[in-house]
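Residue numbers (the numbering used here): 10 to 297. By construction, the Cβ of each residue, glycine as well, lies at the ideal position given by its N, Cα and C atoms. I have placed the structure first, in the form of structure tokens, so that the comments after it can refer back to it.
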Amino acid sequence: MDFQIADLRSFAATVRAGSITRAAAVLNLSQPAVSQRIQRLERAAGERILVRGTQGTRLTPAGETLLAYAERMLSLHDEARSSLSGSTSSGRRTIGLLEDLAVTTFPAALADFAALHPRVELEVIVGTAASLRRLADRGRLDLVLGDPASMAESSLRWQRQVPLAWACAPGIDTRAEPLPLVLFSQPCRWRQPLLDAFSRYGRQWRVAFQSTSVHAVQAAVSAGIGLGALLVDNVPRGTLIEPEAHGLPPAPLVDIAISRRADTDADEALNSLELLLRRATTARGGTR
10 MDFQIADLRS FAATVRAGSI TRAAAVLNLS QPAVSQRIQR LERAAGERIL
60 VRGTQGTRLT PAGETLLAYA ERMLSLHDEA RSSLSGSTSS GRRTIGLLED
110 LAVTTFPAAL ADFAALHPRV ELEVIVGTAA SLRRLADRGR LDLVLGDPAS
160 MAESSLRWQR QVPLAWACAP GIDTRAEPLP LVLFSQPCRW RQPLLDAFSR
210 YGRQWRVAFQ STSVHAVQAA VSAGIGLGAL LVDNVPRGTL IEPEAHGLPP
260 APLVDIAISR RADTDADEAL NSLELLLRRA TTARGGTR
């Protein structure tokens, strides 16, 4: 039995929403209709993919595997449909991005989105997690790619962990005690996992430089001020190092997520952009 797009879409919506009841509301379907689609998908897969409980649903190992394929299949399906039919979407969409992700993930998705939706104007607001949350709470942002800890749980659509990477200029003694660090300023939530990694590793450190700007952190790393940790695609050329060879702990994983304004589920352009951002993030080493 082949997988059906409608069944895959109901499955993905159930995972995002956390329950069949909430997924039914998002899809504008009855709860029994969504349940039937999930059951049909399980028959096609020959495996149980969701476990239902009082706290909602959770993925089985087979469901984890299928979800990765489902997201790719839905992305390709929607992209093909938009390309063949010609998008009717127009007007402005306002997107919120952390600066780190605006530099890496967003450009990879922008060209494809512009080709699929040439009449849509994107307004991109780059800010801190806290500032993006304030704008989202006021209904100013249609979609946010950023820190899930600063998003309303009800608005979360998708979440991934992505790896950071250590970076320093040639000549930095990475075994120095205390080790000079280049960090993002508070309240960046990526800062504490780095410090915790050094504490667990028994390394002493000092803050040599800190900034809220990814470009300033990159410049400080390149200038040899200290050791920094950035998303892999943001590491300045010639500064990427392997932790084992330099007496460093493994760089931590950090969480990123996509959230949407509640009334945008049927927005073709935002659905397309969300799928493109997911695909771009996964291609850059994201893990579930």
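Per DSSP, Thr66 is not a residue of any alpha helix (DSSP H); the beta strand (DSSP E) it occupies stretches across Gly65 to Leu68. Runs of the alpha helix (DSSP H) lying entirely within the stretch 207 to 236 and spanning at least 4 residues, in chain order: 223 to 231. Asn280 and Leu154 have their C-alpha atoms roughly 13 Å apart.
Look at the beta carbons and you see the stretch 70 to 87 not touching the stretch 103 to 110: under three pairs across the two are nearer than 8 Å. According to the DSSP assignment, Arg52 belongs to the alpha helix (DSSP H) that extends over Gln40 to Ala54. Phe20 and Thr113 have their C-alpha atoms roughly 29 Å apart. Apart from the 5 residues on each side of it in sequence, Tyr210 sits with its Cβ closer than 8 Å to the Cβ of Leu257 and Pro258 in its chain, given in chain order. Leu239 and Ala178 do not touch by the CB rule: their CB atoms are close to 13 Å apart, not below 8 Å.
Boundaries of the alpha helix (DSSP H) harbouring Arg142: Ala138 to Asp146, taken from the DSSP string.
In this structure the stretch 283 to 292 touches the stretch 75 to 84; the number of beta carbon pairs closer than 8 Å is three or more. Assignment of beta-bridge partners to Pro189 by DSSP yields Arg215. In this structure, DSSP gives Gln195 a state outside helix and strand, which the three-state scheme calls coil. By the Cβ test, the stretch 164 to 174 is in contact with the stretch 258 to 267, since at least three Cβ pairs between them sit closer than 8 Å. Judged by DSSP secondary structure, Ser268 falls within the beta strand (DSSP E) whose first and last residues are Leu262 to Arg269. Ranked by Cα distance from Pro252, the options Pro157, Thr63, Ala22 and Arg184 are led by Arg184. Within the model, the alpha-carbon separation for Asp121 versus Ser39 is close to 34 Å. With a beta-carbon spacing of about 5 Å, Val191 and Ala229 fall inside the 8 Å limit used to define contacts. If you draw a 10 Å sphere on the C-beta of Ile267, you find 16 or more other C-beta atoms in it, and that means buried.
The alpha-carbon of Ser231 is positioned some 11 Å away from that of Ile181. In the DSSP assignment, Ile134 falls within the unbroken beta strand (DSSP E) covering Val129 to Val135. Here the alpha carbons of Gln227 and Pro245 stand approximately 6 Å from one another. Burial is judged here by how many other beta carbons sit within 10 angstroms of a residue's own beta carbon; Ser140 has fewer than 16 and is exposed.
The C-beta of Met10 has fewer than 16 other C-beta atoms within 10 Å across all chains shown, which makes the residue exposed.
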